[in-house]
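Structure first, then comments.
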Amino acid sequence: MSTDVAPRAGFGRTLQAEWIKLRSLRSTWYTLACLFVVGLGITILSSNAAGQAWETATEAERLAWDPTGRSTMTYIVAQLIVGVLGILVVTSEYATGLMGTTLTAMPRRTRVLAAKVLLATAVALVAGEVLMFAAFFIGQPLMAGQNVPTAHLSDPGVVPAVIAGGLYLGAIAVLAIGLGVLMRATAGALATLVGIVFLVPAVAGLFPSWMSGVFDFWPTLGAAAPLGTVPDPDFPHPWLNLTGMCLAIAAVLAAAFIAFRRRDI
């Protein structure tokens, strides 16, 4: 019986220690504040421009109009800020030399990294869901004031789309943690994250058609498809795309755990 209790208590203490470190970092609170200020700012700007976009839209564009997707569009910038949060959870300790102290106090590296992943993911997931619902409730009235079609939570597919936004941001936080462990440097991890979520999707259309099949399976290309209520013909199974991204992130995280256990620090 004592053998079963000790590991749980040990992980609980590790979790508590990591939580103290996470909430004591100024960068954590600065990043979360930036997430909401910038994220909601993007929502306000996008919603205020909805009237003009609707007036100049073609008939096909009006049929594909997605007020929910316009509110959740804030994920484009929010994913980068959430990524910074996930990266700093790991790289801030490497930068200050605190990682060596942490591993001396708790030699079980898997337990340390698991605690970091659990806490950072929980914070990113909660913050992401709050941001997405706030963006929806702020964006829809602003669009309604411009006499453009809006959405309500009771409309089909709206709640799953808003929830998907928080799940997407939580997954990006896990990816950022994995990259932070593998790179051990904020700049390198952030550059890699930008390449994965921004650069590759942006340049995918520049390659020859015979290479398009490769980019069809790039995880972050279709993972944001569930954030809207209007079906995207390029991604007929949006939740499958999001699941695929999560599986790819799980592979990155598994590599991070292996590297974390084998390195000296």
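If you count the sequence shown from 1, position 85 lands on 164 in our numbering, and the numbers rise without skipping.
For each residue, glycine too, the CB sits at the ideal point set by N, CA and C.
Take the alpha-carbon of A281 and the one of S171: they are about 30 Å apart.
Unbroken alpha helix (DSSP H) stretches of 4 residues or longer found wholly inside the region 109 to 192: 129 to 134, 138 to 142, 146 to 150, 154 to 175 and 177 to 184, given in chain order. Per DSSP, F314 lies in no alpha helix (DSSP H) and is assigned neither H nor E. Separation of G176 and L182 (C-alpha to C-alpha, rounded to the nearest whole angstrom) is 11 Å. Note on geometry: alpha-carbon atoms of A132 and G118 lie some 20 Å from one another.
Uninterrupted alpha helix (DSSP H) stretches at least 4 residues long and entirely within the region 244 to 295 occur at 265 to 273, 279 to 282 and 291 to 294, given in chain order. In the structure shown, the three-state DSSP call for L321 is helix. The count of Cβ pairs closer than 8 Å, one atom from the region 266 to 282 and one from the region 155 to 164, reaches three, so the stretches are in contact.
Of the residues assessed, I328 falls on the buried side of the cut-off, its CB having 16 or more other CB atoms within 10 angstroms.
Annotation: the continuous alpha helix (DSSP H) that includes I99 extends over S81 to S103. The beta carbons of P298 and G323 sit about 6 Å from each other, so the pair counts as a contact at 8 Å.
Taking a C-beta distance under 7 Å as the contact criterion, I121 and V156 qualify as a contact pair.
DSSP, read as helix, strand or coil, puts V209 in helix. Excluding its 5 nearest sequence neighbours in each direction, L111 has C-beta neighbours in its own chain below 8 Å: L164, V202 and A206, listed in chain order. Residue environment: A194 is assigned as buried (16 or more neighbouring CB atoms within 10 Å of its CB, all protein chains considered). If you look at P298, you'll find it in the alpha helix (DSSP H) that goes P298 to G301.
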